[in-house]
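First comes the structure, then the notes that go with it.
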Amino acid sequence: MNGEVGRPISRLLADVDGARCERKGDRRVRIDATPENLPAVLELLKGRAGYLHLSAITCIDWMDDGEFELIYHLWSYEDRNLVSAHIRIPREPGVYLSVYDLFEPAGFFERDIHEMYGVFFEGSPDQEKFILTEWNGPPPMRKDFDAEGWVQGTFQWEDYRPEWLQEIEEKGGGIAIKPEQARANTRKIRGWKQ
Amino acid sequence: MNDFPLPVRAERSNPLARVFDELIDFCRARSMFMLHYCTGCGAIELPPAMTSRFDMERLGIQPMVTPRQADILLITGYVSIKTLKRVILTYEQMGSPKYVIGICSCTVNGGMYWQSYATAKKLNEYLPVDVYIAGCMPRPEAVIEGLRKLMGEIKAGRANSWERYFREYDRYLAAQQNLFGPNWQTPTDIIGEARDYQLYGPGTEGRHTELLQQHQVPLQPLRMTLHSDVEKSS
Amino acid sequence: MRPENYQAQSHPPSHEYELNFGPNHPGIEGNYALQVRLHGDTVVSAHADGGYLHRGFEKLMEGRLWIQNIALVPRICVPDPVPMEVCYSLAIEDISGLQVPERAKWLRVLQLELSRIAAHLFYFGGHAATTGMYSPSFWGVADRDLILDRFEELSGGRVYHIFNIPGGVRRDIPEGFLGRVSALLDYLEARLPEYDDLLFRNQVFVRRSKGVGVIDQQQALAWGVTGPNLRATGLGFDVRRDDPYLIYNQLDFEIPTEDSGCCWARTLVRRSELQQSIRICRQVIAALPDIGGPVRAPIPNPLAWNVPVGESYTRVESSKGELAYYVLSTGGEKPYRVHVRGPSAMHAVQVLEKMVTGGRLEDVAQIMFSLDACPPEVDR
Amino acid sequence: MSSDIDYKDAGSILAPLKNLRFFAREPVTEPLGPRPAAENYRGFHVNDWELCIGCSTCQKVCDNAAISMIHIPGLPNDPVKGVRDHRPAIDYGRCCWCGLCVDICPTGSISLTREYVHTCTEPELDSYFVLPDPNGMHKTHFPKGWSKTEQNDLLDHDRQPMAEMAPEARIGDFAEIVAGYTDQQALLEASRCVQCGMCHDACPTQMHAPDYIRAIWQGNVELAVEEIYRTNPFAHVCGRVCTHKCEDACSIGRRGTPVAIRWLKRYAMDALAPAKVKKIAAKGKSRKKSGRKIAIVGAGPAGMTAAFDLIKQGHAVTVFEALDQAGGMTRYGIPYYRLPSESLQRDIDIIVSLGVEMRYRTRVGVDVSMAELEQEYDAVVLALGLQLGRSTRIPGSDHVQVRAAVDLLRRIAAGESLAVPDKVVVIGGGNVAMDIARTLARLQKQQHGVVGMTVCALEDFAHFLADPEEVRESGEEGIEIIDARGPRHCVVNDDGTLGGLCTWKVLSIFDEQHRFAPKFDESDERIHEAGMVVESIGQMTDTGLLGDELTEALEWNRGRMKVDAFGRTSLPWLWAAGDCVNGPDVVHAVADGHRVATSINEYLTQEVAA
Amino acid sequence: MSREGHSSSYQRLAGTRSLQEILEIATEFERTARDFYTALAPRVSKRIRWLVEELADEEQAHFDLFDGLIKRMDLAEHIADRIATPASDHRFSDAIHLPDLGENPDDQAVLQYAMGREHAAMDQYGALAESVEPEELRALFRFLANEETEHKRELEARYYEIVHSGGV
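First to last, the protein sequences are chains A, B, C, D and E. Under the numbering used here, read the first sequence as residues 109 to 302, first letter to last. Under the numbering used here, read the second sequence as residues 117 to 350, first letter to last. Under the numbering used here, read the third sequence as residues 4 to 383, first letter to last. Under the numbering used here, read the fourth sequence as residues 101 to 710, first letter to last. Under the numbering used here, read the fifth sequence as residues 17 to 184, first letter to last.
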């Protein structure tokens, strides 16, 4: 059954403009959809192919492209297959439609994404803060929020003065490389781009 | 940190009073109620420590569900900013003498979440801490060793960190305000309590308590009335 | 609401009142809160409040090297850390095409199942405590500790094993390890009837939990319930069997189900899973001596390791349900995005809110525990 | 499958009596006090200071920023050996005991113990910052827990193999033996680096090896070349024939083969188009002309490096070279199969293209005198090299067929044809001896079809001077290397032709203090038959060009011109650089070139200011 | 001082029978060497003058040492002892082929010459130490032989350093 799954999905999506599907593994199918046709794709998958379980919605911040990528991971208990539908929406204003009426779990995932990325989902039942109720800063998962920088600016670190260190400092030694200097992501390698 | 040496209890002149103090400390050290609040991941080692295998109860330590009856606040690992507020509320509600134990790396210098935007880094900026237990997380045996260390400190009359919270309230409040914003307030009147306990010191009030008093909303008595359905129908 | 903004107010007269259930509450599992609105003892509505254990894992992981994250992942779910490690490793192996040696696969399964047993034993203790019974928690915790002893021997850590890394496991098993695990399994199996006497045939527990917190299969599917909670509604779905990973398709085990979908059913499913997990462990112990070879595929120098461009949505069955990692690599030395889809996130928020609504206050704790939601995993 | 529990079965009323059996059970409660931890336990750290080299790799892998490197004066600190007087200190307010530091440690010095209890009060919090030593955190002995094994070692100890020509194929001609890394190999090899920087410290010219290796790993060859050109304009050469002090210091080499830093440099240089390299080399060239003139005597690596720096600083540079082409010993001393002259030429071309004036076939002291240079130029650099071969001066060594290796190499490199007898003996055990032996062996192969080459070295293999690679490759090519032979005399036949070389066995060459003190076994005398004996025991500088007056005016230090730290001699207008000051090594020469250029530039700009 | 000068003093040393004479000639041996180097120094290129000067200094030190020995009182009773001269054998390394130091000797030639001298002296004292009877004299010659051996070693190390120039 599994080997055949890819084909029916592509047949299913034949009617939807601009949706491409690609088999990625034994039980993994990737669909590239557009913000316009995603609701239709999900509805088709749920209604006609038995993809009842919304496993997760993942949001990715492509800051350099000015886009958010939303990935809807759907699982079919019948086909035993997982479909990941990808769309990209503009980073500004970062608004998309809720799929809560199709998949109730979407409510939580959308709330989470709203909290962490600031993407607003129209029609989602509850977009109140859940985790970050005491947080005043920007949505922290956005790539332009420098968490480490914020921490360094907000908190102070323990300034240890153990005896052995004082002794070494008397001899002219001391802390040569602080841990923060050696950290992989603060290493200054020109042209390095992740 | 060394600027604030632990206050050693003033020698009382009356030898009877000294004996009494020692007796009190001896008793305190043998009956410690630990607040049952799992602030972080280190809490997973508390059930083994509390139950049959490592059996904290043989030291007279018991979990207690309300802060009002608890002696020990066990901070089990990282405290997120959200939790820290509750921890401070809880701490202030606990009756004196009270002791704080910081478990795991995270309470000392941020631990493995040192770059996290969501956790507080140094517990002793916000609360006076009596005993630290190293580990990530410490094993139940280490936790028990820490508690025994605390017992020793209490017996020796050195575990007086709670007095520092009153004497240097302004300093602790400063760190709290720095993290939570100027609006931060708790329902407990620390300055009043400090006066009451005769622990009012030069550091009790300061710039930060002034700010607190500006923002503080006085508490009003809560009226809760249960009416019958009469009003609803009317 | 933030505590500093809280002001005592006189409310308009009403039959309803609000109660903060947690975060400091003996009936709550971990640092989590539920604001319930009550009419008498009946819950009118409930509002989950999480984030007390939020550490921003997903953000942290974007700032650390691929290898460094192995120390981070087990901390997402404290009572059941092994699936986190394995799932993260599987995702990276999937992206980079690392071939895990056979022996490592079996060792991972052994850990996964031991971890599942430990988590379930912990669950029994907590669940029973919410009905006022403390002996099971003493038993469960003590027996779980015996498993932790074996983990300590294997990995050097009691709770955070950090033993699975991309490519395999960090070390081979110590001398005589399998024999000791085998003895432990014998002991646990012999204990099961005693647990039955203590808990599952205990009329206090049966009557407190039967018919409480019912969820039917339709609802469960619609709400996205997974794992043992879904199996307690009669749907025998298990990632291990239906989306197999490692060597689960070579193992002989069953998927226990119950039909009633109540707290009792959820506990029973887990009890039956204990037996199945013991069975799986036995198979691993029998097979492992014949599987030679290395325990780890060589990985590049971890300080200069660019996982190739790719993405993976990897799922494993944790003791709490479907655990999935979405890992995206843009070819850098750090992940571009790691999304942890924990089973508890679903259970502890939407499902819990809906299930307790209409129930009674005294059952709230029990329902929450029966779902086995893990707050650190919700908050991440 | 459903559960088999019959929950309705409440059991007999006497069932609770069953529980009486628990009285007979052993209690699970452990005695108070810490239990001994498991064998692999990840507890507090210990660090074997004898093994630790202070490379800070543990610090780099630590995900929690828990490790600080502490500089401890008094510990061994030797950049050349790759040892730093740094030791890791661990902040237990950050550590999570994951053990990655143990798994990655290049030396295996750090490990975790089975100790796990540490408690303290708030004023004692400094005890959370620990400098692990072999004694453990509380100076009480605990057995080791998680420590390095083969299984959990995260480092790759094996170097990417370098493709090279088979001995049979390469002995026939002078084609370059080593193929160079492919893109994939270079990437894999570069990924082995842990960025400890030991190589940077060990390198005479302080090349930024960690940076260019990392750039190669990122696939950014251009960046790599840029990093290389920060310190070394002779990168094509150094990528092939450098003595790679960096690799001797490499921390990966502690337990494995060091990262192939030299080959990676070569890869980067070869992978980038010469036009782009030229562009990178010209970066930072001063547009302003200073109007000062500098003469450099000798177009070897030292001279040309100085020229490169000085021309970029805006000075006018003239290089005087006695021979036809630039490169010095790298051209006339290193055989083609090790360093193809095209590669060398790329380096030279880049430097010359910056505007250096080259005067070939101009021998200072003959065609132009030092006095003239002093008159005409603001500064003069002597980069003379070591071009005279030393002779053993044993009886018979004045025979016409007893030759100096450097002379032969120079003539072969210049394209002279040379008739080689079918049997040749080389005296010497250094790299030059290997070079001449392998070069003549190739000629023998071409002229006679067979190799008849013997190398007699004074040193035994335990103290051999030539690179092990050279020795291995020579052996593969059919060259007989006999170690520990002291030359006695050259055998001259009655008809005046050379018969061979007589040697004695050397019993030991060094004394206990590693000083030269040869002991011979006279009974073990051998005659090595040869039509030509090549002496390759050492070289010296031809200082004749200085003239008596200048020699007298200069100050000397043990046979070499006395120079300050920047290569300046006792005369204010004269600098000396390269082999003639520091002994034979390309990369030292490059470093010297930089030093004198800095010094000259400082001198000239100061003069202007004054 | 020429090469003949050297060999004649060597001959004289070998033929000596009285301890006093031995010591006197040994002192003479060092003195002539010192004078030789001192005279050579200005003639050589400044580049290697340091070497010759160093050798002169070392010989001066030896001269002082031997000169002091003669004056030592505890040897007085043996001073007239007759000692059988041994036939010293010649060991050669590539260093001891004595070149004729021409008008403009280079560093290698100077060193080889110096090593040859020390070698001969070392052999001689070594052989004498073997043949004399009184323990004090034995010790004395062993000491002298040791001194010369040490010196020769120093020279050999220097030779290796200079001539083999790191062995490229």
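Each residue gets a CB set at the ideal place from its N, CA and C atoms; glycine is no exception.
DSSP places Lys393 of chain D in the strand class (E or B) of the three-state scheme. If you check each beta-carbon in the region 131 to 164 of chain B against every beta-carbon of chain C, the ones closer than 8 Å belong to Leu151, His152, Tyr153, Cys154, Thr155, Gly156, Cys157, Ala159, Ile160, Glu161, Pro163, Pro164.
Secondary-structure assignment with DSSP links Glu19 of chain C through a beta bridge to C:His42. Interface with chain D (8 Å Cβ-Cβ cutoff): Tyr268 of chain A is included.
Shown here for Arg354 of chain D: same chain residues with a beta carbon closer than 6 Å to its own, the five before and five after excluded, namely Pro206, Thr207 in chain order. Unbroken alpha helix (DSSP H) runs of no fewer than 4 residues, entirely contained in the region 401 to 431 of chain D, are found at 401 to 412, following chain order.
Straight-line measurement puts the Cα of Arg174 of chain E at about 18 Å from the Cα of Met661 of chain D. Between the region 489 to 502 of chain D and the region 628 to 639 of chain D there are three or more C-beta pairs closer than 8 Å, enough to call the two in contact.
Between His135 of chain E and chain D, the shortest Cβ-Cβ separation is not below 8 Å. Between the region 132 to 141 of chain C and the region 194 to 212 of chain C there are three or more inter-stretch CB-CB distances shorter than 8 Å, so the stretches are counted as touching. In terms of beta-carbon proximity, Ile316 of chain D stays away from the interface with chain C, with every pair separated by 8 Å or more. Look at Asp175 of chain C: its C-beta is under 8 Å from a C-beta on chain D. Scanning the region 569 to 611 of chain D from its first residue to its last, the whole beta strand (DSSP E) runs of 3-plus residues come out as 580 to 582, 585 to 592, 598 to 610. One finds nothing in chain A with a Cβ atom closer than 8 Å to the Cβ of Cys201 of chain D; even the nearest lies about 12 Å away. Counting only the Cα atoms, Pro179 of chain B lies some 16 Å from Arg169 of chain B. The alpha-carbon of Ala225 of chain C is positioned some 11 Å away from that of Tyr208 of chain A. If you ignore the 5 residues before and after Ser517 of chain D, its C-beta comes within less than 6 Å of no other C-beta in its own chain. With contact defined as three or more Cβ pairs closer than 8 Å, the region 164 to 171 of chain D and the region 170 to 188 of chain C are not in contact. From the beta-carbon of Ser221 of chain B, no residue of chain C is found nearer than 8 Å; the closest lies around 12 Å away.
Taking all protein chains shown into account, Glu559 of chain D has 16 or more neighbouring C-beta atoms within 10 Å of its C-beta and is therefore buried. The DSSP assignment places 214 to 225 as complete runs of the alpha helix (DSSP H) inside the region 170 to 241 of chain A, in order along the chain (cut-off: 4 residues). Contact annotation: Thr206 of chain B and Leu132 of chain B have beta-carbon atoms that are not nearer than 8 Å. For Gln332 of chain B, no beta strand (DSSP E) encloses it, and the DSSP letter there is neither H nor E. Taking Tyr192 of chain D as the centre and dropping the five residues before and after it, the same chain places the C-beta of Tyr228 closer than 6 Å to its C-beta, in chain order. Under the Cβ distance rule, Pro287 of chain A counts among the residues neighbouring chain D, one pair being separated by less than 8 Å. Contacts between Thr129 of chain D and chain B, judged by CB atoms closer than 9 Å, involve Ser168, Arg169, Phe170, Asp171, Arg174 in chain order. Secondary structure of Trp675 of chain D (DSSP, three-state): strand.
Within the model, the alpha-carbon separation for Pro58 of chain E versus Gly465 of chain D is close to 23 Å. Taking C-beta separations shorter than 6 Å and ignoring five residues to either side along the sequence, the partners of Arg438 of chain D in its chain run Val341, following chain order. With contacts defined as CB atoms closer than 8 Å, Phe60 of chain C and Arg383 of chain C qualify as a contacting pair. When DSSP states are grouped into helix, strand and coil, Phe240 of chain C belongs to the coil group. Counting only runs that start and end inside the region 222 to 279 of chain B, the alpha helix (DSSP H) elements of at least 4 residues fall at 222 to 225, 256 to 271. Of all residues in the region 270 to 284 of chain A, those with a C-beta nearer than 8 Å to a C-beta of chain D are Pro270, Glu271, Trp272, Leu273, Ile276, Lys279, Gly280, Gly281, Gly282, Ile283, Ala284, reading in chain order.
The contact set of Ala157 of chain A on chain D, defined by CB atoms closer than 7 Å, is empty, because the minimum CB distance reaches about 28 Å. Annotation for His130 of chain C: the continuous alpha helix (DSSP H) segment containing it runs 105 to 133. Closest in alpha carbon position to Glu652 of chain D, among D:Glu476, D:Thr669, D:Trp197, D:Glu327, is D:Thr669.
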